[in-house]
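Visitor:
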Amino acid sequence: MADKLPSKWFLACAAASILFIIGMKIPVGPEFLIGALFACLIFHLWLRPSKAELGSVATIAVILTVARLHFGTAILPDAGLWKYAATMIGIGSLLVQSAVLPFAGTQFKRRSTAFSSGLACLLFLMFSTVPLILTARYTPLTFDLYLFEFDRALGADISFWTGRIVRSSKPLLYAAAFAYGGLGLDVAIVVGSQMFERKRNLLLVLGAAGAVGCVLYTVVPATGPLFVFSDFPRHLPPAVVPQLVSVDAIAMRNAVPSLHFTWTLLLYWMAGQRQAWVRWTAAAFLVLTFIATLALGQHYFVDLVVALPFTMVFIGLSERSYRVAAVAATMLLSWLLTLRLIPLLPLRLGLWTWLPVVLTVAAFFALLRRVLGPNRTAPPGTASKSF
10 MADKLPSKWF LACAAASILF IIGMKIPVGP EFLIGALFAC LIFHLWLRPS KAELGSVATI
70 AVILTVARLH FGTAILPDAG LWKYAATMIG IGSLLVQSAV LPFAGTQFKR RSTAFSSGLA
130 CLLFLMFSTV PLILTARYTP LTFDLYLFEF DRALGADISF WTGRIVRSSK PLLYAAAFAY
190 GGLGLDVAIV VGSQMFERKR NLLLVLGAAG AVGCVLYTVV PATGPLFVFS DFPRHLPPAV
250 VPQLVSVDAI AMRNAVPSLH FTWTLLLYWM AGQRQAWVRW TAAAFLVLTF IATLALGQHY
310 FVDLVVALPF TMVFIGLSER SYRVAAVAAT MLLSWLLTLR LIPLLPLRLG LWTWLPVVLT
370 VAAFFALLRR VLGPNRTAPP GTASKSF
């Protein structure tokens, strides 16, 4: 055991040094990044660490803060104190976990699971932007106006209407923005509640959905009304001519289907038989994310509809209900091809556009009931079948 001690110290110091350097360079401010870093702390808390370990996290966070202010990359003035604190606490949690991991002994498996789960969330967030940036570069024209007209065919400018209501209430606006930017917290709470007792890799399910979603974004590239209408949601746009529209490449083409809504649906399903507070947390994130995707101008209503069969594909595969997954995939493909090849169809259908929407919602719940069985009233999240 003694001969392994130097190598353990080397690994601990190397990992801590890398994370310290990251703490000196990492951007401070982006809500998604803050949520992912704070999720690392929540995964850490599921280990029920000692007070001394939590004190070490706080101490490291203070050291990182001081070092960053004097030696690290400059921080934007509008970053905000709470964003800075959350970022450094998340890095501090990862640093402490990496330093303790080589000496974990019998707790190595549990500690490595918590550490790798948090790190996986952070790395996925950081590297998932690469395909989105490439998609934006090679799709200068988007289908935003067609998607906007789809919503109008339903009888209302749904995203504008939702945005006005939510922005008229600061508590609701803050709650919606928190849920949208803090998706990583939902992941850490739901996945963390069962990561030590399940064989299924829930993060793999979420990651697979994210990877496939990034590919599907190239089928019907779109950005959301916030990036197309400069005065969203204050003024309803006049009649628009449905056509491909040029949108700045900095606006990522990540609208159809809504991955945010997909992930919260999957997390609610995963939380089905967990503790009550975990289920309520997942439900709150689901509702608030549904509202936020529209109110913040990130999505059109049709994006959320298309997310339903997309979500069901992964639930069906995860439960090994391959017929359900195939039906859901057929529905998903039908939606994407229709939006891509026949984007003017809603203008011809008028209010009849509600028919495919209602049928899709009904099919989603019917397929979900078939997967879960008639005796289950909530998504299981604890099935023994593997993904």
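According to my numbering, the sequence shown holds residues 10 to 396 in order.
Note that CB positions come from ideal geometry on N, CA and C, so glycine has one too.
(1) In angstroms, rounded to a whole number, what distance separates the CA positions of Gly219 and Arg173?
(2) Which residues in the same chain have their Cβ closer than 7 angstroms to the Cβ of Ala217, if we skip the five residues on either side of it in sequence?
(3) On the CB-based measure, 16 or more other CB atoms within 10 Å of its CB, does Ile259 come out buried or exposed?
(4) Would Leu305 and Ala186 be called neighbours here (beta carbons separated by less than 8 angstroms)?
(5) In chain order, what residues of the same chain lie with their CB nearer than 8 angstroms to the CB of Leu192, ignoring the 5 residues before and after it?
(6) Measuring CB atoms only, is the region 20 to 34 touching the region 157 to 177, in the sense that at least three cross pairs come out at less than 8 angstroms?
(7) Label Asp409 either buried or exposed according to how many other C-beta atoms from any shown protein chain fall within 10 Å of its C-beta, with 16 as the threshold for buried.
(8) Tell me where the alpha helix (DSSP H) around Thr302 begins and ends.
(9) Just grab the DSSP bridge partners of Leu275 for me.
(10) Helix, strand or coil for Gly390, going by three-state DSSP, please let me know.
(11) Which value, in whole angstroms, describes the spacing of the CA atoms of Gln116 and Ala108?
(12) What do you get for Gly359, buried or exposed, if any count of 16 or more other CB atoms within 10 angstroms of its CB means buried?
(13) Could you give the first and the last residue of the continuous alpha helix (DSSP H) run that contains Glu206?
(14) Would you call the CB atoms of Val237 and Asp153 closer than 8 angstroms?
(15) Count the C-beta pairs between the region 139 to 149 and the region 245 to 260 that are closer than 8 angstroms, then say yes if the count reaches three, no if not.
(16) Tell me which same chain residues have a C-beta within less than 8 angstroms of the C-beta of Ser26, skipping the five on either side of it?
(17) Are Gly101 and Leu132 touching if we call contact CB-CB under 8 angstroms?
(18) Going by beta carbon distance, what residues of the same chain come within less than 7 angstroms of Leu194, once the five residues before and after it are set aside?
(19) For the candidate residues Gln203, Met340 and Met261, whose alpha-carbon lies nearest to that of Pro140?
(20) Mind checking Tyr155: buried by the 16 CB within 10 Å criterion, or exposed?
(21) Residue ranges of each alpha helix (DSSP H) run of no fewer than 4 residues wholly in the region 334 to 372, ordered along the chain?
(22) Thinking just about the alpha-carbon of each residue, which of Phe374, Pro365, Gly222 and Ile30 is nearest to the one in Leu104?
(23) Do you know offhand how far His308's Cα is from Leu326's?
(24) With burial defined as no fewer than 16 other Cβ atoms inside 10 Å of the residue's Cβ, what is the status of Ile351: buried or exposed?
(25) From what residue to what residue does the alpha helix (DSSP H) around Glu328 run?
Guide: Quick answer:
(1) Reading the sequence shown from its first residue, position 210 is the one you call residue 219. Reading the sequence shown from its first residue, position 164 is the one you call residue 173. Taking the straight line joining both Cα atoms gives about 30 angstroms.
(2) Locating residue 217 in the sequence shown gives position 208, counting from the first residue. For Ala217, where only same-chain residues beyond five positions count, the Cβ hits under 7 angstroms are Phe323.
(3) Within the sequence shown, numbered from 1, the residue matching residue 259 stands at position 250. Exposed, because fewer than 16 other Cβ atoms sit within 10 Å of the Cβ of Ile259.
(4) Taking the first residue of the sequence shown as 1, we reach residue 305 at position 296. Taking the first residue of the sequence shown as 1, we reach residue 186 at position 177. Cβ atoms of Leu305 and Ala186: closer than 8 angstroms.
(5) As a working mapping, residue 192 is identified with position 183 in the sequence shown. Excluding positions up to five away in sequence, the list reads Phe41, Gly44, His269, Trp272, Thr273, Phe294 and Thr298.
(6) no
(7) Outside the shown range of the chain (10 to 396) lies residue 409, about which nothing can therefore be said.
(8) Locating residue 302 in the sequence shown gives position 293, where the first residue counts as 1. That run of the alpha helix (DSSP H) goes Ala285 to Ala304.
(9) To locate residue 275, count along the sequence shown from 1; it is residue 266. Answer by DSSP bridge pairing: none, since Leu275 is not bridged.
(10) If you number the sequence shown from 1, residue 390 lands on position 381. In this predicted model, Gly390 has a pLDDT of only 44, less than 50, meaning its place in the structure is not dependable; the value taken from the coordinates is given anyway. Of the three classes helix, strand and coil, the one that applies to Gly390 here is coil, per DSSP.
(11) Along the sequence shown, read from residue 1 onward, the residue named residue 116 stands at position 107. Along the sequence shown, read from residue 1 onward, the residue named residue 108 stands at position 99. When rounded, the distance between both Cα atoms is 14 angstroms.
(12) The residue given as residue 359 occupies position 350 in the sequence shown. Gly359 is exposed by the Cβ-count criterion.
(13) Here residue 206 refers to the residue found at position 197 of the sequence shown. Glu206 -> no alpha helix (DSSP H), and no H or E assigned at all.
(14) Along the sequence shown, one-based indexing puts residue 237 at 228. Along the sequence shown, one-based indexing puts residue 153 at 144. Yes; because the gap between Cβ atoms is below 8 angstroms, this pair is in contact.
(15) yes
(16) By 1-based counting over the sequence shown, the position of residue 26 is 17. None.
(17) Working through the sequence shown from its first residue, we reach residue 101 at position 92. Working through the sequence shown from its first residue, we reach residue 132 at position 123. No, they are not a contact pair.
(18) Position 185 of the sequence shown, counted from the first residue, corresponds to residue 194. These residues qualify, in order along the chain: Gly44, Phe47, Ala48 and Ile51.
(19) Translated into the one-based positions of the sequence shown, residue 140 becomes position 131. Nearest C-alpha to Pro140: Met261.
(20) As a working note, residue 155 is residue 146 in the sequence shown. When all chains shown are included, Tyr155 counts as buried.
(21) 354 to 358
(22) By one-based count along the sequence shown, residue 104 stands at place 95. Minimum Cα distance to Leu104 is reached at Ile30.
(23) Translated into positions along the sequence shown, residue 308 becomes position 299. Translated into positions along the sequence shown, residue 326 becomes position 317. Answer to the nearest angstrom: the Cα atoms are 26 angstroms apart.
(24) Here the question's residue 351 lines up with position 342 in the sequence shown. By the 10 Å Cβ count, Ile351 comes out exposed.
(25) To locate residue 328, count along the sequence shown from 1; it is residue 319. No alpha helix (DSSP H) holds Glu328; DSSP gives it neither H nor E.
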